[in-house]
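Sequence lines, in order, name chains R and V.
The first sequence begins at 1 in UniProt numbering and counts up one residue at a time.
The second sequence begins at 1 in UniProt numbering and counts up one residue at a time.
Virtual Cβ for every residue (Gly too), placed ideally from N, Cα, C.
Heads up, the thing below is written out as structure tokens.
Protein chains: 2
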Amino acid sequence: MSSIPKIVILGAGYGGVLTALRLQKELNYNEADVTLVNKHDYHYFTTHLHMPAAGTDNPENARVNISKLIDEFKIDFVKSTVVQIRPQDKKVILEDGTLSYDYLVIGLGGEPETFGIPGLAEHAMSIRSINSVRLIREHIEYQFARYKLEPHRTDYLTFVVGGAGFTGIEFIGELADRMPLLCKQYDVDPNLVKIYNVEAAPSALPGFDPELVEYGMDVLAKKGVTFRIGTAIKECTPSGVVVGDNEEIKSATVIWTGGIRGNRLIEEAGFETMRGRVKISDHLLAPDSDHVYIIGDNSLMFNPEGRPYPPTAQIAMQQGVVCAHNLVASIRNQPLKEFTFSNKGTVASLGKGEAIGVAFGKKYKGRVASWLKKAIDIRYLFIIGGIQLVLRKGKFL
Amino acid sequence: MSSIPKIVILGAGYGGVLTALRLQKELNYNEADVTLVNKHDYHYFTTHLHMPAAGTDNPENARVNISKLIDEFKIDFVKSTVVQIRPQDKKVILEDGTLSYDYLVIGLGGEPETFGIPGLAEHAMSIRSINSVRLIREHIEYQFARYKLEPHRTDYLTFVVGGAGFTGIEFIGELADRMPLLCKQYDVDPNLVKIYNVEAAPSALPGFDPELVEYGMDVLAKKGVTFRIGTAIKECTPSGVVVGDNEEIKSATVIWTGGIRGNRLIEEAGFETMRGRVKISDHLLAPDSDHVYIIGDNSLMFNPEGRPYPPTAQIAMQQGVVCAHNLVASIRNQPLKEFTFSNKGTVASLGKGEAIGVAFGKKYKGRVASWLKKAIDIRYLFIIGGIQLVLRKGKFL
Numbered sequence: 001m002s003s004i005p006k007i008v009i010l011g012a013g014y015g016g017v018l019t020a021l022r023l024q025k026e027l028n029y030n031e032a033d034v035t036l037v038n039k040h041d042y043h044y045f046t047t048h049l050h051m052p053a054a055g056t057d058n059p060e061n062a063r064v065n066i067s068k069l070i071d072e073f074k075i076d077f078v079k080s081t082v083v084q085i086r087p088q089d090k091k092v093i094l095e096d097g098t099l100s101y102d103y104l105v106i107g108l109g110g111e112p113e114t115f116g117i118p119g120l121a122e123h124a125m126s127i128r129s130i131n132s133v134r135l136i137r138e139h140i141e142y143q144f145a146r147y148k149l150e151p152h153r154t155d156y157l158t159f160v161v162g163g164a165g166f167t168g169i170e171f172i173g174e175l176a177d178r179m180p181l182l183c184k185q186y187d188v189d190p191n192l193v194k195i196y197n198v199e200a201a202p203s204a205l206p207g208f209d210p211e212l213v214e215y216g217m218d219v220l221a222k223k224g225v226t227f228r229i230g231t232a233i234k235e236c237t238p239s240g241v242v243v244g245d246n247e248e249i250k251s252a253t254v255i256w257t258g259g260i261r262g263n264r265l266i267e268e269a270g271f272e273t274m275r276g277r278v279k280i281s282d283h284l285l286a287p288d289s290d291h292v293y294i295i296g297d298n299s300l301m302f303n304p305e306g307r308p309y310p311p312t313a314q315i316a317m318q319q320g321v322v323c324a325h326n327l328v329a330s331i332r333n334q335p336l337k338e339f340t341f342s343n344k345g346t347v348a349s350l351g352k353g354e355a356i357g358v359a360f361g362k363k364y365k366g367r368v369a370s371w372l373k374k375a376i377d378i379r380y381l382f383i384i385g386g387i388q389l390v391l392r393k394g395k396f397l
Numbered sequence: 001m002s003s004i005p006k007i008v009i010l011g012a013g014y015g016g017v018l019t020a021l022r023l024q025k026e027l028n029y030n031e032a033d034v035t036l037v038n039k040h041d042y043h044y045f046t047t048h049l050h051m052p053a054a055g056t057d058n059p060e061n062a063r064v065n066i067s068k069l070i071d072e073f074k075i076d077f078v079k080s081t082v083v084q085i086r087p088q089d090k091k092v093i094l095e096d097g098t099l100s101y102d103y104l105v106i107g108l109g110g111e112p113e114t115f116g117i118p119g120l121a122e123h124a125m126s127i128r129s130i131n132s133v134r135l136i137r138e139h140i141e142y143q144f145a146r147y148k149l150e151p152h153r154t155d156y157l158t159f160v161v162g163g164a165g166f167t168g169i170e171f172i173g174e175l176a177d178r179m180p181l182l183c184k185q186y187d188v189d190p191n192l193v194k195i196y197n198v199e200a201a202p203s204a205l206p207g208f209d210p211e212l213v214e215y216g217m218d219v220l221a222k223k224g225v226t227f228r229i230g231t232a233i234k235e236c237t238p239s240g241v242v243v244g245d246n247e248e249i250k251s252a253t254v255i256w257t258g259g260i261r262g263n264r265l266i267e268e269a270g271f272e273t274m275r276g277r278v279k280i281s282d283h284l285l286a287p288d289s290d291h292v293y294i295i296g297d298n299s300l301m302f303n304p305e306g307r308p309y310p311p312t313a314q315i316a317m318q319q320g321v322v323c324a325h326n327l328v329a330s331i332r333n334q335p336l337k338e339f340t341f342s343n344k345g346t347v348a349s350l351g352k353g354e355a356i357g358v359a360f361g362k363k364y365k366g367r368v369a370s371w372l373k374k375a376i377d378i379r380y381l382f383i384i385g386g387i388q389l390v391l392r393k394g395k396f397l
């Protein structure tokens, strides 16, 4: 052990950034040595990725340089990819180096869950990073350009979104908004464009207020979306998807939003997982550990009714705050705090000027819900980067 | 024959548009019935396509609606694709109809000449229309997006331009200018990008002033272009090109600019052709015809030294003017005019602020040549659309 305890935070997503920011604030000078490790030198707003993916916003508005968020005099930043976590050795192997730790915070984020559907990993794209959404946006525009030279290929103008959860619905809203613009830009008849949303569950946005879900589906259907709810994707092929009763939807663009699972590095590290996620303690600690915290998409926590909390930005941020508190408490030999989730509400956007949401115990839809969504985004920018970040990145709002 | 002679103009390229504009001006009311046929409802500036292809300008700046150019009270416009020309029947078969004519002007433009190189037609793209350059631009951006998710695929960042003629050199200048911007946008190390220019002839820009060619290659080499002059492309494959001594250049993007040949419709119509082009009379008439004019890329004319004029916008425009004159003269039973090419000079751009050219018997390079190029573009906009068009489309200048 070094003279002062060494804290390593893996991942600068919602959980990792909040942990780092709170540590920066709460730790005294030389009380601990904090290192934040991230694959990219920027943090991105996962909840905003549906817009750059559809091309309705610039990807630059969905990320911020980590150097703009953290104080590099207080927290070291290492841009590298984590290759292996070795809890026994208290070490993390990076692509270009090794880090030792006394305390570890795993906030690495999840991976797309394909539920073993053949071809999905190979042929579908997913909305999970700046790089992946830039690919989706470019891929979509490329299909329009290709179609103009091969006008018999209507599959170039057919877009299949797998999954009608939060990401799927929000992405479809943007995609439907973008289509008329792309049609104009490429001289394409808008009637030729097809957007399918395929969801195996019996309803879109499972768990959401049914009245709002109905309203939302109505809004999207009017924008031209064809829903195939209660229909499973059987297979994804280079030429489209096979759904339900062996029906093929020919499409050059399949975007999978059907859920996420924990990061494979967690399993490989020897933690016991359920779909890659680790059931953590109320203090956010890994089982039987007093120094490894797991937060965000890789953590599994249950609500008072015994159902797992879905992996959201909201819970990851709240975990980050408690995680930082508990790290400081550990170092100071003070008692740890128990995490309790405080639901601030949920709003799903449906494209420009439309959204549905529940907040403060009330339902919202239409323009008001859409403002609420923007307020949530602004609040987040303010929390992590103050008014400067709101002014710089808030232009998309 | 109808009561008044019927003139059909096929193609609204440089030759067809100039013919139509001059006919509109010179014909008296009810002296002839003129129909312009074009695949698209817009005319595009072929000499400007290298910019939208590389993404350094918006494709909208390279086209103008035909309705903005011609007076539809004087000239009928039919948006359709020509399927067959039947000189014996004096008919043109369109994708959706048939047109009869007394006088025909064939200004259909050429096709890429692949010289029988295997795989070129299938795997290479070419700079020949608004649709094709939108594809190239989107394809290039897509490669950057793909690279970020498959960083071992350096072929995504390798760009091969086949042909160092006018189009090839001008495109490379723009492409080299665009690369640093794309690298910044996609967080790609600029050192990983490779641009190859492969040309079978012993020099770039054959026939151009050797001193200027050397200057131009120097400018482009400094921008990062690797020249492989005197090197033939043996084959184009899905994974790149095979050049010279069976060397493979792995590349996901091959753009072929190696020349154009006449339109296959011309051969199919029964005209005798050389590389798809018809040796026309000094009056611009097809062999043994007094009513079928062939201008632009499908026409073959020889200079006083007995060498064929290359197919350029400049010659097509001058042919259009004489063609219109001769049509009017025919109708009025006046003598036809002989075409003589008046070389106004040639300027090749090399990207932003750089060009090489010969005009008014003098050589120009650098910024002055670049201004000259802009002046030529402005002059053309003025000729076809007056000051209004200069102000509307001239913003790219």
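Burial state of residue i (16 or more Cβ within 10 Å)
i, result
"ILE356(V)", "buried"
"GLY216(R)", "buried"
"MET1(V)", "Here the model assigns MET1(V) a pLDDT of 47, short of 50, so the residue's position is not dependable, and the following value carries that caveat. Flag for MET1(V) reads exposed."
"SER3(R)", "exposed"
"ASP155(V)", "buried"
"GLY240(R)", "buried"
"GLY353(R)", "exposed"
"GLN314(V)", "buried"
"VAL368(R)", "exposed"
"LYS25(R)", "exposed"
"LEU49(R)", "buried"
Pick from the options that is closest to residue i, judged by C-alpha positions
i, options, result
"ALA32(V)", "ASN38(V), ASP41(V), VAL8(V)", "VAL8(V)"
"ILE229(R)", "GLY240(R), LYS222(R), ALA164(R), LEU284(R)", "ALA164(R)"
"MET179(R)", "THR56(R), LYS148(R), THR257(R)", "THR56(R)"
"VAL198(R)", "VAL243(R), GLY119(R), TYR42(R)", "VAL243(R)"
"TYR380(V)", "LYS6(V), LEU21(V), PRO5(V), LEU10(V)", "LEU21(V)"
"ILE85(V)", "VAL37(V), ARG261(V), LYS393(V), LEU135(V)", "VAL37(V)"
"VAL321(V)", "ILE233(V), VAL17(V), PRO238(V)", "VAL17(V)"
"PRO5(R)", "ALA12(R), GLY15(R), ASN28(R)", "ASN28(R)"
"LEU220(R)", "PHE77(R), VAL278(R), VAL390(R), ALA348(R)", "ALA348(R)"
"VAL133(R)", "PRO87(R), PHE208(R), VAL193(R), ALA54(R)", "ALA54(R)"
"ASP96(V)", "VAL78(V), ILE255(V), GLU111(V)", "VAL78(V)"
"THR346(R)", "LYS74(R), GLY276(R), PHE360(R), GLU211(R)", "PHE360(R)"
Through-space distance from residue j to residue i, alpha-carbon basis
i, j, result
"GLY162(R)", "ALA204(R)", "11 Å"
"THR46(R)", "LEU108(R)", "13 Å"
"MET274(R)", "PHE341(R)", "20 Å"
"ILE383(V)", "LEU23(V)", "14 Å"
"LEU397(R)", "LYS344(R)", "In this predicted model, LEU397(R) has a pLDDT of only 45, less than 50, meaning its place in the structure is not dependable enough to derive any value."
"ILE172(V)", "ASN298(R)", "47 Å"
"THR35(R)", "GLY385(R)", "19 Å"
"ASP187(V)", "LYS148(V)", "8 Å"
"ALA375(V)", "ILE387(V)", "13 Å"
"PRO118(V)", "ARG146(R)", "22 Å"
"ARG392(V)", "GLN318(R)", "54 Å"
"THR98(R)", "ILE70(R)", "22 Å"
"PHE227(V)", "GLU214(V)", "12 Å"
"SER126(R)", "GLY262(R)", "15 Å"
"GLN88(V)", "ASN131(R)", "59 Å"
"ILE93(R)", "ILE106(R)", "13 Å"
"THR312(R)", "GLY207(R)", "14 Å"
Expected contact under 8 Å - CB spacing of residue i and residue j to nearest Å
i, j, result
"CYS323(V)", "TYR293(V)", "5 Å"
"TYR103(V)", "SER330(V)", "7 Å"
"PHE159(R)", "ILE195(R)", "5 Å"
Which ranges does the alpha helix (DSSP H) cover as unbroken runs of at least 4 residues, wholly within the stretch 123-171 of chain R, from first to last along the chain? Along the length of the stretch 123-171 of chain R, whole alpha helix (DSSP H) runs at least 4 residues long occupy 130-149, reported in chain order.
Can you list the beta strand (DSSP E) stretches of 3 or more residues lying completely in the stretch 158-238 of chain R, in chain order? 158-162, 194-199, 225-229, 233-237, all fully within the stretch 158-238 of chain R.
At what residue ranges does the stretch 33-85 of chain R contain a whole run of the beta strand (DSSP E), taking only runs of 3 or more? Every unbroken stretch of the beta strand (DSSP E) spanning 3 or more residues and falling wholly within the stretch 33-85 of chain R is given here in chain order: 33-38, 42-44, 63-65, 75-79.
Could you name each continuous alpha helix (DSSP H) segment of 4 residues or more that falls completely within the stretch 245-302 of chain V, going from the start of the chain to the end? Fully contained in the stretch 245-302 of chain V are the following alpha helix (DSSP H) runs of length 4 or more, in chain order: 264-268.
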